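Taking the working numbering, I'd label the letters of the sequence shown as residues 14 to 160. The structure appears below as structure tokens.
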Amino acid sequence: MTDENQAAEAEAPAKKETKSIVPSRYAGKYKAGGSDELAVFIKEQATGKDGFEWPAFFQLARKNGLPEEKVAHYEGQVASKRHGAEGRARMTLRNMLATIARKNGSLVGLNDEAVSITLAKPVLSGAAAAAKDAASAAGGEGAASQF
Numbered sequence: 014m015t016d017e018n019q020a021a022e023a024e025a026p027a028k029k030e031t032k033s034i035v036p037s038r039y040a041g042k043y044k045a046g047g048s049d050e051l052a053v054f055i056k057e058q059a060t061g062k063d064g065f066e067w068p069a070f071f072q073l074a075r076k077n078g079l080p081e082e083k084v085a086h087y088e089g090q091v092a093s094k095r096h097g098a099e100g101r102a103r104m105t106l107r108n109m110l111a112t113i114a115r116k117n118g119s120l121v122g123l124n125d126e127a128v129s130i131t132l133a134k135p136v137l138s139g140a141a142a143a144a145k146d147a148a149s150a151a152g153g154e155g156a157a158s159q160f
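This is the structure we're talking about:
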């Protein structure tokens with residue numbers, strides 16, 4: 014190794030080690046919780062003076078009819094500070110709220126008022142799209158379900 018290479022390696026910053034399973038290219042996109050109508054609704058309902066308020070988020074999930082065992086499961090994980098629990102809870106319960114919003118066109122706020130929410134139907138891609146195409150080509154037998 015030359016002196017120039019050693020000097021360049023010494024000046025190069027060390028890669029930041031992270032325990033997150035979220036690829037770095039997506040981390041910034043999701044860090045603020047998103048920007049669609051549902052993300053804005055959740056932020057308005059569950060953000061207080063000290064930032065995101067988990068008790069309000071779990072109450073919002075319950076008010077909109079999410080299964081108690083699911084909400085309690087994620088609430089327990091967040092309370093125990095299990096690694097990655099906050100991200101899993103927010104993502105999973107948000108996706109469950111999205112299903113309700115797509116079906117009903119609205120969700121119930123913490124003040125018990127219905128709030129209209131319009132979300133686009135998810136688009137299949139990758140392996141899911143290939144499986145759907147293969148099932149369609151095979152005459153629909155064992156076709157993947159439509160979201």
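For every residue, glycine included, the Cβ atom is placed at its ideal position computed from N, Cα and C. None of the values given here were measured: they were computed from a predicted structure.
Between L110 and L120, is the Cβ-Cβ spacing less than 9 Å? Walking along the sequence shown from the start, residue 110 turns up at place 97. Walking along the sequence shown from the start, residue 120 turns up at place 107. Yes, they are a contact pair.
Over the uninterrupted beta strand (DSSP E) stretch that includes L120, give me the two end residues. The residue you call residue 120 lines up with position 107 of the sequence shown. For L120, the uninterrupted beta strand (DSSP E) run begins and ends at 119-121, by DSSP.
Mapping the DSSP letters down to three states, classify V91 as helix, strand or coil. Indexing the sequence shown from 1 puts residue 91 at position 78. DSSP places V91 in helix when its eight states are reduced to three.
Backbone secondary structure at S129 - three-state DSSP: By 1-based counting over the sequence shown, the position of residue 129 is 116. DSSP places S129 in strand when its eight states are reduced to three.
Just reading off the alpha helix (DSSP H) that K56 is part of, what are its end residues? Position 43 of the sequence shown holds residue 56. Looking at the DSSP string, the run of the alpha helix (DSSP H) that includes K56 is 50-59.
Rounding to the nearest angstrom, what Cα-Cα distance links A74 and L106 in this structure? Residue numbering aside, residue 74 sits at position 61 when the sequence shown is read from its first letter. Residue numbering aside, residue 106 sits at position 93 when the sequence shown is read from its first letter. Roughly 7 Å between the two C-alpha positions.
Option in P36, K83, A142, N108 with minimal Cα separation from D49: Counting from 1 along the sequence shown, the entry for residue 49 is found at position 36. If we check each option's Cα against that of D49, N108 comes out closest.
In this structure, how does DSSP classify G139 when only helix, strand and coil are distinguished? Numbered from 1 along the sequence shown, position 126 holds the residue referred to as residue 139. In the structure shown, G139 sits in a helix (DSSP, three-state: H, G or I).
Which class does A147 belong to by DSSP, given the choice of helix, strand or coil? As a working note, residue 147 is residue 134 in the sequence shown. The answer is helix: DSSP assigns A147 an H, G or I state.
Can you tell me whether E81 is buried or exposed? The criterion is at least 16 other CB atoms within 10 Å of its CB, across all chains shown. Here residue 81 refers to the residue found at position 68 of the sequence shown. It counts as exposed.
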